[in-house]
Amino acid sequence: MSDQIQLIVEKLNQEPFRKNYNLITFDSLESMQLLQLLNDVLGEIDPKHAVDIREELPEQTAKRMLSLLGILKYKPPGSISDLSTFRQGLVTGSKPVIHPLLHWLLQRTNELKKRAYLARFLVKLEVPAEFLQDDTVADINKQYEELMEAFKNLHKECEQLRTSGLSTAEIRRDISAMEEEKDQLVRRVERLKKRVETVQNHQQMLEIARQLRLEKEREDSLAQQKQEQKNQLFHAEQRLQRAQFQLKEMHHAVVDSKPESLMKKLEEEINFNSYLVNEKIPRELESKKNSVYFLQKVVAEPAMSQSDLSVLEIKINEVNAQMNQLIEKRMMKYEPTDSKLSMYRQQASIISRKKAAKAEELQAAREEMSSAEKQMLQKTSEAHELEGSDVPKGDEFKHYVNKLRSKSTFYKKKRLEIAEITAEYGILQRTEELLKQRHEAIQQQLQAIEDKKGISGYSYTQEELERVSAVKSEMDEMKGQTLDNMSEMVRKLNTMVAEKKANLAPVIKELRQLRQKCQELTQECDEKKIQYDSCAAGLESNRSTLEQEVKGLLEECVQEESNYRYINCMKRNLEIQLQRAKEEMKAYISPDPQERRKAIREQYTRMILEQENLGKKLREKQKAVRESHGPNMKQIKMWQDFEQLMECKRECFLKQQNQTAIGQVIQEGGKDRLVL
1 MSDQIQLIVE KLNQEPFRKN YNLITFDSLE SMQLLQLLND VLGEIDPKHA
51 VDIREELPEQ TAKRMLSLLG ILKYKPPGSI SDLSTFRQGL VTGSKPVIHP
101 LLHWLLQRTN ELKKRAYLAR FLVKLEVPAE FLQDDTVADI NKQYEELMEA
151 FKNLHKECEQ LRTSGLSTAE IRRDISAMEE EKDQLVRRVE RLKKRVETVQ
201 NHQQMLEIAR QLRLEKERED SLAQQKQEQK NQLFHAEQRL QRAQFQLKEM
251 HHAVVDSKPE SLMKKLEEEI NFNSYLVNEK IPRELESKKN SVYFLQKVVA
301 EPAMSQSDLS VLEIKINEVN AQMNQLIEKR MMKYEPTDSK LSMYRQQASI
351 ISRKKAAKAE ELQAAREEMS SAEKQMLQKT SEAHELEGSD VPKGDEFKHY
401 VNKLRSKSTF YKKKRLEIAE ITAEYGILQR TEELLKQRHE AIQQQLQAIE
451 DKKGISGYSY TQEELERVSA VKSEMDEMKG QTLDNMSEMV RKLNTMVAEK
501 KANLAPVIKE LRQLRQKCQE LTQECDEKKI QYDSCAAGLE SNRSTLEQEV
551 KGLLEECVQE ESNYRYINCM KRNLEIQLQR AKEEMKAYIS PDPQERRKAI
601 REQYTRMILE QENLGKKLRE KQKAVRESHG PNMKQIKMWQ DFEQLMECKR
651 ECFLKQQNQT AIGQVIQEGG KDRLVL
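In full-length UniProt numbering, the protein residues as written are 1 to 676.
Written out as structure tokens, the structure reads:
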């Protein structure tokens, strides 16, 4: 319960309530304050209930809250017999009734807002059958039902659009981006057209390009069809393999069996299937239905707290204890005539359990066998795809094994050769390292001899000169070859330029004519473009006027719809007021005094009389106070004087006591001096 109250306080301290409660202040709220708080929460869910409960009667408040709770499908905790207690607690503002209700409402505020909004349009107005005999009323009722169905469909579409993740801003951005891309593509197409128009035979080339594009599209479609046909062929081959496998199994079964064994096997399979259909599956289906029923029942109930769960556990323990007591009583009344029946029942139950267990084992074995068959077919198809043939069997498999053995012997020989080559490579590598070490030692000895003779660096300089001379000779050869190549290239270029000039001469003449024609076509295109722009401007103006008219009509439609809803609301309010007036008139005219007391007029009359009596009493009290005011003030003055007099006496008494004490001290001091 404390968790429940803590959740309520947290929700009330958040938006849009912002009550700034704590556990102590919330628990100290009175019944009227709790009812007003509950009414505020209901007003947040449905704005029609945002009223002050002090301005209406308790019966009206309870009726209004119960109607909304019925629409929201609230189920109070407890049995059906507790509904009267719930209504009474709702009227009086009882905490055991209000707290669970607030907890339920605050847990699912958004969902309840949606439900209350839909109830305004989907709660059907029941029309009596005698009124539906009128054609006008029947037509209006039919239109009302059609509008309700249309509202349901529109609300579903609206929810789908909200949950789809699309928003109007995103759609507008996408549209604007697509329009920009369209403009860019149009400009690119125009530029490409201008470039193409300068090329000779551009129409023919465009036609060839179009045909090429069509052929590519056709090629893509054919490739897709080819892939689809390959997939279909693959599936057909798999089906064929499965059918062949089943056929082989059937052949083996027919060859290795007799008619009696086949009949026996079929009878066993029929018995097993009949057991599954008649006993096992209906029992499992019934258990599933029961579990689904209990789950639906649990879902339909309101959220349970820890205290509710503890109460249920206590009830379960009590029921289990009662069951154990009944079983003990039955065993105490055990009769010998029932012993045989109980023994047979136990044997039958044991046999049925064994039968069910074996059936489950058989079903699991069949499922395992089917999965193994599927896996075998899959592996067979994979091997067929990899090898291009079926899995070898019999002599083919032996030949395949012999082939693998020959390959393994060849592999071992090559592996030995590789090992020998690796060993030889290691020896050569070690020899190379030794030769390098000897070369370095000889170089050091040569350098030492050169230092002794005074010609250090001679060998290094000799090697560098030989290397430079070799590089120089190579560069001279490359330069000669480069010069020959360049001269040959220049000659070829001159011949190619001459050939191109000769070939381009007629093309240049045709190009001049085409340029002149292009200028004429450009002028004609500009004229056509001016005409197109003027026509487009006229159509655009017509479109804008039509859009304005459509917008005005839509606004008018929205205005009329709001007027319609306002009139319906006013009509409903007037009907409610008329109903209240009829009830008031009926109560006022009723001969029963109890009914007449319930009338608002009688209630207000009683209240007026009570207020008049109260005012009369207050005026009499005021008159008595005025009459006794003077003597009372005089008495107060006398008491104040008496208090001052007593205070003076007390001060005089205290002074006198102090003086007597001082005199005694002085007398005692004088006696002491005389003694000394």
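Cβ atoms here follow ideal geometry from the backbone N, Cα and C, with glycine treated the same way.
Specify whether the region 60 to 78 and the region 6 to 22 touch according to this definition: at least 3 beta carbon pairs, one from each stretch, less than 8 Å apart.
-> no
Segment limits, alpha helix (DSSP H) that includes K48 | Stepping through the sequence shown from its first residue, residue 48 is reached at position 48. That residue, K48, is in no alpha helix (DSSP H); it is neither H nor E in DSSP.
Look up Q14 in the DSSP assignment and say whether it is helix, strand or coil.
-> To locate residue 14, count along the sequence shown from 1; it is residue 14. In the structure shown, Q14 sits in coil (DSSP, three-state: anything other than H, G, I, E or B).
Close Cβ partners of P58 (< 8 Å) along its chain, the five nearest in sequence each way excluded | Walking along the sequence shown from the start, residue 58 turns up at place 58. The answer, listed in chain order, is V91.
How big is the Cα-Cα spacing for E179 and K529?
-> Counting from 1 along the sequence shown, the entry for residue 179 is found at position 179. Counting from 1 along the sequence shown, the entry for residue 529 is found at position 529. Each residue's Cα considered, the two are about 21 Å apart.
Measuring CB to CB, does E575 end up less than 7 Å from A587?
-> In the sequence shown, residue 575 corresponds to position 575, counting from 1. In the sequence shown, residue 587 corresponds to position 587, counting from 1. In this structure, A587 does not lie closer than 7 Å to E575 by Cβ.
Between K152 and the rest of its own chain, which residues show a CB-CB distance below 8 Å, the 5 nearest in sequence each way excluded?
-> Translated into the one-based positions of the sequence shown, residue 152 becomes position 152. Cβ within range, chain order: L122.
Enumerate in chain order the residues of its own chain whose CB-to-CB distance from Q657 is below 6 Å, with the five nearest sequence positions on each side excluded.
-> Indexing the sequence shown from 1 puts residue 657 at position 657. Cβ neighbours of Q657 beyond the five flanking positions: none.
Reduced DSSP secondary structure (H/G/I, E/B, other) of T198 | Here the question's residue 198 lines up with position 198 in the sequence shown. T198 falls in the coil class under three-state DSSP.
Exposed unless 16 or more other CB atoms sit within 10 angstroms - verdict on I98 = The count along the sequence shown starts at 1 and reaches residue 98 at position 98. Per the 10 Å Cβ criterion, buried.
Which stretch, first to last residue, makes up the alpha helix (DSSP H) that contains N613?
-> Your numbering for residue 613 matches position 613 in the sequence shown. Its alpha helix (DSSP H) spans residues I600 to E627.
Should T61 go down as buried or exposed, given a rule of 16 or more other Cβ atoms within 10 Å for buried?
-> Sequence index remark: in the sequence shown, residue 61 carries index 61 (1-based). Buried: at least 16 other Cβ atoms inside 10 Å.
Where R515 and D174 are concerned, what is the direct C-alpha to C-alpha distance, given to the nearest angstrom?
-> Numbered from its first residue, the sequence shown carries residue 515 at position 515. Numbered from its first residue, the sequence shown carries residue 174 at position 174. Cα to Cα, the separation comes out at about 42 Å.
By the 10 Å Cβ neighbour count, where 16 or more other Cβ atoms means buried, how is Q559 classified, buried or exposed?
-> Position 559 of the sequence shown, counted from the first residue, corresponds to residue 559. When all chains shown are included, Q559 counts as exposed.
K38 by DSSP, collapsed to three states: which one?
-> Here residue 38 refers to the residue found at position 38 when the sequence shown is read from its first residue. Checking the sequence shown, residue 38 turns out to be Leu, not Lys. Residue state, collapsed to three classes: helix.
May I ask whether a heavy atom of the ligand ZN can be found less than 6 Å away from the beta carbon of G552?
-> Ligands are entirely absent from the displayed structure, and the ligand ZN is therefore not among its contents.
Would DSSP call L72 helix, strand or coil?
-> Mapped onto the sequence shown, residue 72 falls at position 72. Coil at L72, not helix or strand.
What number of angstroms, rounded off, separates the C-alpha of P591 from the C-alpha of E583?
-> On the sequence shown, position 591 is the one that residue 591 refers to. On the sequence shown, position 583 is the one that residue 583 refers to. P591 and E583: Cα-Cα distance of roughly 14 Å.
Answer yes or no: do L105 and V51 have a C-beta to C-beta separation smaller than 7 Å?
-> Here residue 105 corresponds to residue number 105 of the sequence shown, with the count starting at 1. Here residue 51 corresponds to residue number 51 of the sequence shown, with the count starting at 1. It is not a contact, given that the beta carbons lie outside the stated cut-off.
Quick one: what does DSSP say A372 is sitting in, helix, strand or coil?
-> Within the sequence shown, numbered from 1, the residue matching residue 372 stands at position 372. Looking at A372 - three-state DSSP - the assignment turns out to be helix.
Below 7 Å between beta carbons: does that hold for E45 and A116?
-> Counting from one through the sequence shown, the residue named residue 45 turns up at place 45. Counting from one through the sequence shown, the residue named residue 116 turns up at place 116. Residue identity check: residue 45 is Ile in the sequence provided, not Glu. For I45 and A116, yes; Cβs fall inside 7 Å.
Distance between E318 and L326 (C-alpha atoms, nearest Å) = Against the sequence shown, residue 326 aligns to sequence position 326. Against the sequence shown, residue 318 aligns to sequence position 318. The straight-line gap from Cα to Cα measures roughly 12 Å.
With 16 as the cutoff for other CB atoms within 10 Å, does G93 come out buried or exposed?
-> Counted from its first residue, the sequence shown places residue 93 at position 93. Per the 10 Å Cβ criterion, buried.
For the alpha helix (DSSP H) holding V137, just list the boundary residues, first then last.
-> What you label residue 137 is simply residue 137 of the sequence shown in a count that begins at 1. Note, V137: alpha helix (DSSP H), D135 to T163.
Does DSSP classify V550 as helix, strand or coil?
-> As a position in the sequence shown, residue 550 is number 550, starting the count at 1. In this structure, V550 counts as helix in the three-state DSSP scheme.
CB I53 to CB L34, shorter than 7 Å?
-> Here residue 53 refers to the residue found at position 53 when the sequence shown is read from its first residue. Here residue 34 refers to the residue found at position 34 when the sequence shown is read from its first residue. For I53 and L34, no; Cβs fall outside 7 Å.
Give a yes or no on contact between the region 353 to 370 and the region 273 to 292, applying the rule of three or more CB pairs nearer than 8 Å.
-> yes
When P47, S84 and G89 are compared against M32, the one with the closest alpha-carbon = To locate residue 32, count along the sequence shown from 1; it is residue 32. If we check each option's Cα against that of M32, G89 comes out closest.
Same chain, Cβ closer than 6 Å to Q211, neighbours up to 5 away in sequence not counted | For the purposes of this step, residue 211 is identified with residue 211 of the sequence shown, where counting begins at 1. Excluding sequence neighbours, Q211 sits near nothing in its chain.
Within 10 angstroms of its Cβ, does P100 collect 16 or more other Cβ (buried), or is it exposed?
-> As a first step, residue 100 must be located in the sequence shown, where it is residue number 100. Result: buried.
To which residues of the same chain is E549 closer than 7 Å at the C-beta, ignoring the five residues directly before and after it?
-> In the sequence shown, residue 549 corresponds to position 549, counting from 1. Excluding positions up to five away in sequence, the list is empty.
Mind listing, in chain order, the continuous alpha helix (DSSP H) runs of no fewer than 4 residues lying wholly within the region 93 to 137?
-> 95 to 107 and 109 to 122
At what residues does the alpha helix (DSSP H) containing N271 begin and finish?
-> In the sequence shown, residue 271 corresponds to position 271, counting from 1. Per DSSP, N271 belongs to the alpha helix (DSSP H) from P259 to Y275.
What do you get for L674, buried or exposed, if any count of 16 or more other CB atoms within 10 angstroms of its CB means buried?
-> Against the sequence shown, residue 674 aligns to sequence position 674. Residue placement at L674 cannot be trusted, given a pLDDT of 45 that sits under 50; the coordinates are not used to answer.
Hey, A138 and L147: beta-carbon distance below 7 Å or not?
-> Indexing the sequence shown from 1 puts residue 138 at position 138. Indexing the sequence shown from 1 puts residue 147 at position 147. No; because the gap between Cβ atoms is not below 7 Å, this pair is not in contact.
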